[in-house]
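Participant: Next up is a structure, given as structure tokens.
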Amino acid sequence: NAGVTQTPKFQVLKTGQSMTLQCAQDMNHNSMYWYRQDPGMGLRLIYYSASEGTTDKGEVPNGYNVSRLNKREFSLRLESAAPSQTSVYFCASRDRGNEKLFFGSGTQLSVL
Amino acid sequence: AQSVTQLDSQVPVFEEAPVELRCNYSSSVSVYLFWYVQYPNQGLQLLLKYLSGSTLVKGINGFEAEFNKSQTSFHLRKPSVHISDTAEYFCAVIPYYNTDKLIFGTGTRLQVFP
């Protein structure tokens, strides 16, 4: 099984550019998540989706939008990238009632 | 809202010594508690969990944690660490009322020296 697949693995943007991070899982999980990981800040929840068609804000949603396109896919969009969004982004999924969280390999994003 | 505090950003320890990584949480509702480990250049893996029942829970790789409701703590312990335990450790909570919301602490970097 592929598990959770994130693309791209690396990205460099200029301030003001937009981009979408893609995430797909093949485990038929209901819940999907986007986190950002920064040194000394741990993993912070950006947005999550409890099921297809629903999304909710996490701890740090400003500057981001998400789409739960279907049960498999959960994308994260930066409409106008800022240097403060330089981070490593992780997508994750889990089945409701099961606390085991499956993570993607991460996207290292640099905004210049 | 929930928050998780890991008081130590870094914990250096010699091999075969005991270690405790501290985690405190703040929540107005009951929560489920977890510890995850992130080895260098890898994603996160579940180390152990507390859902209910016995407050002492055992996880993989010889780790254990104790839930203390009065102190709102969930400290992680290992009696004898190995070089291979060098990693970042994250405490996390899920509130009872919304089991889709998973909040992590800031992480503790465990560095084991020979």
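Here the protein sequences come in this chain order: A and B. The first sequence lines up with residues 9 to 120 when you count with the working numbering. The second sequence lines up with residues 248 to 361 when you count with the working numbering. Just so you know, even glycine gets a beta-carbon here, dropped at the ideal spot from N, CA and C.
1. Closest to Thr28(A) by CA distance: which of Tyr72(A), Leu51(A), Tyr43(A) and Gly112(A) is it?
2. Name the chain A residues that come within less than 7 Å of Thr353(B), Cβ to Cβ?
3. Of the residues that make up the stretch 86-108 of chain A, which ones have a beta carbon closer than 9 Å to any beta carbon in chain B?
4. According to DSSP, Phe261(B) sits in a beta bridge with which residue or residues?
5. Please work out which residues of its chain come closer than 8 Å, Cβ to Cβ, to Ala339(B), disregarding the five sequence neighbours upstream and downstream, and give them in chain order.
6. Below 7 Å between beta carbons: does that hold for Lys325(B) and Glu107(A)?
7. Does DSSP put Ser26(A) in a helix, a strand or coil?
8. Between Leu291(B) and chain A, is any beta-carbon pair separated by less than 7 Å?
9. Between the alpha carbons of Phe310(B) and Thr355(B), how many angstroms are there, rounded?
10. I'd like the span of the beta strand (DSSP E) that includes Glu107(A), first residue to last.
11. Given Val74(A), which residues of its chain have a CB within under 8 Å of its CB, disregarding the five upstream and five downstream residues?
12. Below 7 Å on C-beta distance, what does Ile307(B) contact in chain A?
13. Would Ala334(B) and Gln292(B) qualify as a contact pair, given that the criterion is a beta-carbon distance under 7 Å?
14. Tell me, please, whether the CB atom of Asp347(B) is closer than 7 Å to any CB atom in chain A?
15. Here's the rule I'm using: 16 or more other beta-carbon atoms within 10 Å means buried, otherwise exposed. How should Ile341(B) be labelled?
16. What residue from Ser92(A), Gln33(A), Met35(A) and Asn70(A) has the CA that sits closest to Thr23(A)'s CA?
Facilitator: For this structure:
1. Tyr72(A)
2. Gly48, Met49 and Gly50
3. Phe98, Ala100, Arg102, Arg104, Gly105, Glu107 and Lys108
4. Phe360(B)
5. Val251, Leu280, Phe281, Trp282, Tyr283, Leu349, Ile350, Phe351 and Gly352
6. no
7. coil
8. yes
9. 15 Å
10. From DSSP, Glu107(A) is part of no beta strand (DSSP E); its letter is neither H nor E.
11. Trp42, Ile54, Tyr55, Ser57, Thr63, Phe82, Ser83, Leu84 and Arg85
12. Result: empty, since nearest Cβ-Cβ is about 12 Å, beyond 7 Å.
13. no
14. yes
15. buried
16. Ser92(A)
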